[in-house]
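Quick note on numbering: the working numbering labels position 382 of the first sequence as 695, and the sequence is numbered without any gaps. Ideal Cβ positions, reconstructed from N, Cα and C, are used throughout, including at glycine. Here the structure is a predicted model, which means the values were calculated and not measured. A short write-up of the structure that comes next.
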Amino acid sequence: MLQLADTLTRTVRPVRIPEPGQPVTMYSCGPTVYRYAHVGNLRTFLMPDLIRRALLYHGMAVRQVQNITDVGHLRDERFDRGDDPMLVAAGLEDKTPGQIADAYEAAFHADAAVMNLLPAHVYPRATEHIPEMLALAERLEDLGHAYRTEAGNVYFAVSTWPGYGRLSGNTLDALRAGHRGEVEGDKRDPADFALWKAAGEGRLLKWPSRWGDGFPGWHLECSAMAMRHLGDRFDIHTGGEDNVFPHHEDEIAQSGPIVGGPPADLWIHGAFLMTSGRKMAKSAGNFQRVTELADDGIEALAFRYLCLTARYSRRLDYSEESLAAAATALTALRSRLRALGPAADNGPWAAPAVLAAGRAADRPTGSAAGVRGHALPDGQAEPVVVDRAGSPAAPLSPAGRELHERFVAAIDDDLDMPTAVATIHATLRADLPADERRWLVLDADAVLGLDLHRVWQPQPPAAVFEPRVDALLAERAQARAGRDWERADEIRERLRALGMEPVDLADGTTELRLIDPSKGG
RNA sequence: GGCGACGUGGUGAAGUGGCUUAACACGGAGGUCUGCAAAACCUCUAUUCAGCGGUUCGAAUCCGCUCGUCGCCUCCA
314 MLQLADTLTR
324 TVRPVRIPEP
334 GQPVTMYSCG
344 PTVYRYAHVG
354 NLRTFLMPDL
364 IRRALLYHGM
374 AVRQVQNITD
384 VGHLRDERFD
394 RGDDPMLVAA
404 GLEDKTPGQI
414 ADAYEAAFHA
424 DAAVMNLLPA
434 HVYPRATEHI
444 PEMLALAERL
454 EDLGHAYRTE
464 AGNVYFAVST
474 WPGYGRLSGN
484 TLDALRAGHR
494 GEVEGDKRDP
504 ADFALWKAAG
514 EGRLLKWPSR
524 WGDGFPGWHL
534 ECSAMAMRHL
544 GDRFDIHTGG
554 EDNVFPHHED
564 EIAQSGPIVG
574 GPPADLWIHG
584 AFLMTSGRKM
594 AKSAGNFQRV
604 TELADDGIEA
614 LAFRYLCLTA
624 RYSRRLDYSE
634 ESLAAAATAL
644 TALRSRLRAL
654 GPAADNGPWA
664 APAVLAAGRA
674 ADRPTGSAAG
684 VRGHALPDGQ
694 AEPVVVDRAG
704 SPAAPLSPAG
714 RELHERFVAA
724 IDDDLDMPTA
734 VATIHATLRA
744 DLPADERRWL
754 VLDADAVLGL
764 DLHRVWQPQP
774 PAAVFEPRVD
784 ALLAERAQAR
794 AGRDWERADE
804 IRERLRALGM
814 EPVDLADGTT
824 ELRLIDPSKG
834 G
């Protein structure tokens with residue numbers, strides 16, 4: 314069974330096995346949609362995708378909710394500059410907050426789709442859950458856990474929640490002792506945090522409440538939306554390491570009095586993606602979108618592969634070099650797999666079921682009412698995956714079974730993807746029949762999510778070829794058949810100039826690979 | 001100031017008490033194969049885990065100290 318490192322208890326614990334017919338429930342902190350998500354954000358969003366795939370792999374259904382934060386920042390954050398076409402177009406050209414949020418939400422879905430992230434079942438938007446947030450804040454005030462101030466702000470009184478500090482280690486004593494800087498004048502305790510803030514001058518987004526016009530505190534949305542869509546208690550809560558404090562600490566405090574304890578059983582936090590020794594962040598100027606990778610001839614799945622080479626709980630160094638290495642490794646992996654030949658359509662070694670992320674357009678939009686489950690391509694329902702750890706569908710040999718068990722053990726060990734990836738490399742190298750090696754690798758890909766089954770499709774995944782490229786390829790094939798090597802090499806150079814390398818494979822076919830034309834030779 | 005994480009080869013990183021005189025990948029070296037170029041396949045590529053002490057029959061792995069790096073405490077994945 315999958316075990317995960319729980320920040321709250323500082324232990325590695327198994328995911329709770331749900332009642333028969335019930336799903337594992339997971340709430341994932343999602344994007345803030347007033348700017349693009351960068352690859353560091355995407356690494357964090359990959360983590361719940363891996364959890365979900367691992368559980369599906371074990372045959373367990375998962376219900377996943379991922380919030381869309383579309384409120385809270387629009388006054389202070391100038392749509393800061395940049396080579397950011399959408400910011401220029403949408404942000405600075407008098408768009409409404411809603412229009413900006415919609416645009417960036419769509420961009421987020423596009424990024425997630427190219428990363429092969431399985432869509433959540435619901436993407437609730439904060440702005441569509443203001444009534445739930447207000448109801449929660451009112452209950453907390455009525456129960457004596459919150460207080461309203463002269464200025465019209467409502468704060469949660471942390472001293473009323475005895476468990477405060479358990480998640481982050483920032484106990485109240487420590488916080489008070491270590492506090493520095495200004496304290497909002499109307500807080501009773503520096504550690505108190507806002508449930509509701511009075512709307513100031515120039516505030517674009519505000520709602521009426523019993524305390525006057527205002528807007529919700531950041532932490533409130535997750536408490537309210539998790540309760541609405543997953544119930545009081547759910548199994549897994551995911552987020553980035555920066556969410557530990559204050560976001561999740563405060564979420565536990567404000568949900569606690571209502572639901573009788575921490576709302577989630579497991580609190581899982583992903584470590585940052587680092588560039589040049591710093592966390593990736595817009596302000597550091599080291600911000601990169603996943604869709605920008607294509608400009609450098611790198612496909613998004615190479616970034617996914619890169620993420621799989623480190624544990625989610627460890628910071629990962631991101632650089633042009635590490636990304637290029639991942640891209641090369643993924644290409645080589647595909648070549649080795651492809652060399653095994655395609656799977657039979659039927660029989661014991663037929664390709665295992667694929668967990669596909671689909672296209673951005675297949676994703677549900679965030680509206681709370683009328684949410685539809687995510688659609689997979691061809692309208693298929695969420696795949697049912699049997700627990701192959703217990704009884705592999707294919708008749709594995711003892712050596713094959715050993716490799717399979719090694720893979721499953723790695724996954725279950727707090728998502729040890731580096732070991733899992735090492736195992737599939739070992740599988741490809743193993744002294745086993747091609748059918749068995751291919752089956753094991755494709756089976757593993759249900760969790761890895763690298764879309765390895767596509768190696769037998771006619772074109773490499775990320776390439777979009779013009780008709781004339783096809784014509785050139787056909788001509789080269791003819792030239793080679795006629796042993797006109799001069800002509801064949803000439804065409805190769807032309808393709809290289811277009812950024813593609815024709816590679817003649819052992820089976821007589823030719824594959825096109827994307828190359829970086831600027832690197833020449 | 002408080003809380004926390006990390007420091008392993010040219011690079012990205014596994015390993016957290018013996019099965020490891022340190023996985024896997026990239027890079028590099030050599031070879032097989034092949035119109036060519038690749039790919040694929042094979043071999044090699046850290047006596048060593050920031051430093052110094054300690055615990056132990058045994059430590060990269062546990063403890064202490066030192067040095068270094070980073071993160072959270074304000075919006076932040």
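Residue pairing of Trp520 in beta bridges, as defined by DSSP: Gly527.
Counting only residues of its own chain and dropping the five nearest sequence neighbours on each side, Phe720 has a CB closer than 6 Å to the CB of Ala733, Thr736 and Ala757. In summary, Ser710 is exposed, with fewer than 16 beta-carbon neighbours lying within 10 Å of its beta-carbon over all protein chains present. Distance from the Cα of Thr473 is smallest, within the candidate group His458, Pro437 and Gly465, for His458. The beta carbon of Ser626 sits closer than 8 Å to the beta carbons of Ala318, His582, Gly583, Ala584 and Asp727 from its chain, once the five residues preceding and following it are set aside; these are given in chain order. With a threshold of 16 other beta carbon atoms within 10 Å, Val325 falls short and is exposed. The secondary-structure analysis by DSSP pairs Ser341 across a beta bridge with Gln379 and Thr551.
DSSP places Glu824 in the strand class (E or B) of the three-state scheme. Here Asp608 is actually not in contact with Ala577; their C-beta atoms are around 39 Å apart, not less than 8 Å.
Taking a cut-off of 8 Å for Cβ pairs, the stretch 648–658 and the stretch 412–420 do not touch, as fewer than three such pairs fall below it. Under DSSP, Thr732 takes part in no beta bridge, so it has no partner. For Gly590, there is no enclosing beta strand (DSSP E), as DSSP marks it with neither H nor E. The beta carbon of Lys519 sits closer than 7 Å to those of Ala512, Asp526, Gly527 and Phe528, all from its chain and outside the five residues before and after it, given in chain order. Taking the Cα positions, Ala743 is about 8 Å away from Arg750.
Here DSSP, grouped into helix, strand and coil, assigns Phe469 to strand. By the Cβ criterion, the stretch 629–637 is not in contact with the stretch 801–816, since fewer than three pairs of Cβ atoms, one from each stretch, lie closer than 8 Å.
Note that the C-beta distance between Ala639 and Tyr618 is below 8 Å. In this structure, the beta-carbon distance from Trp580 to Thr320 falls below 8 Å.
Proximity to Ala420 across Arg602, Ala801 and Pro780 peaks at Arg602, based on C-alpha coordinates. Taken atom to atom, the span from the alpha-carbon of Ile381 to that of His442 is near 11 Å.
Classified as exposed, Ile330 has fewer than 16 neighbouring CB atoms from the shown chains inside 10 Å of its CB. Excluding the 5 residues flanking it on each side, Leu508 has same chain C-beta neighbours closer than 6 Å at Ala450, Ala459, Val467, Phe469, Gly530 and Leu533, in chain order. In this chain, the alpha helix (DSSP H) harbouring Leu785 covers Pro780 to Ala794.
In the three-state reduction of the DSSP assignment, Asp499 falls in the coil class, being assigned neither a helical nor a strand state. Annotation: Asp726 is outside any alpha helix (DSSP H) and is labelled neither H nor E by DSSP.
Distance from the CA of Ala739 to the CA of Asp700, rounded to the nearest whole angstrom, comes to 22 Å. Taking a 10 Å sphere around the C-beta of Glu612, we find 16 or more other C-beta atoms and assign the residue as buried.
If you draw a 10 Å sphere on the C-beta of Asp545, you find fewer than 16 other C-beta atoms in it, and that means exposed. Residue nearest to Ala539 within the set Glu554, Val572, Leu517 and Asn556 is Val572 (criterion: CA-CA distance). In the structure shown, the three-state DSSP call for Leu431 is coil. Between the alpha carbons of Thr409 and Gln791 lies a gap of roughly 57 Å. At the C-beta level, Ala367 and Val760 come within 8 Å of one another. Counting the other Cβ atoms within 10 Å of the Cβ of Ala490 gives fewer than 16, which makes it exposed.
The three-state reading of DSSP puts Thr324 in strand, counting E and B together. Measuring C-alpha to C-alpha distances from Arg501 to each of Leu636, Leu485, Leu765 and Leu359 identifies Leu485 as the nearest.
For Gln567, the enclosing alpha helix (DSSP H) begins and ends at Glu562 to Val572.
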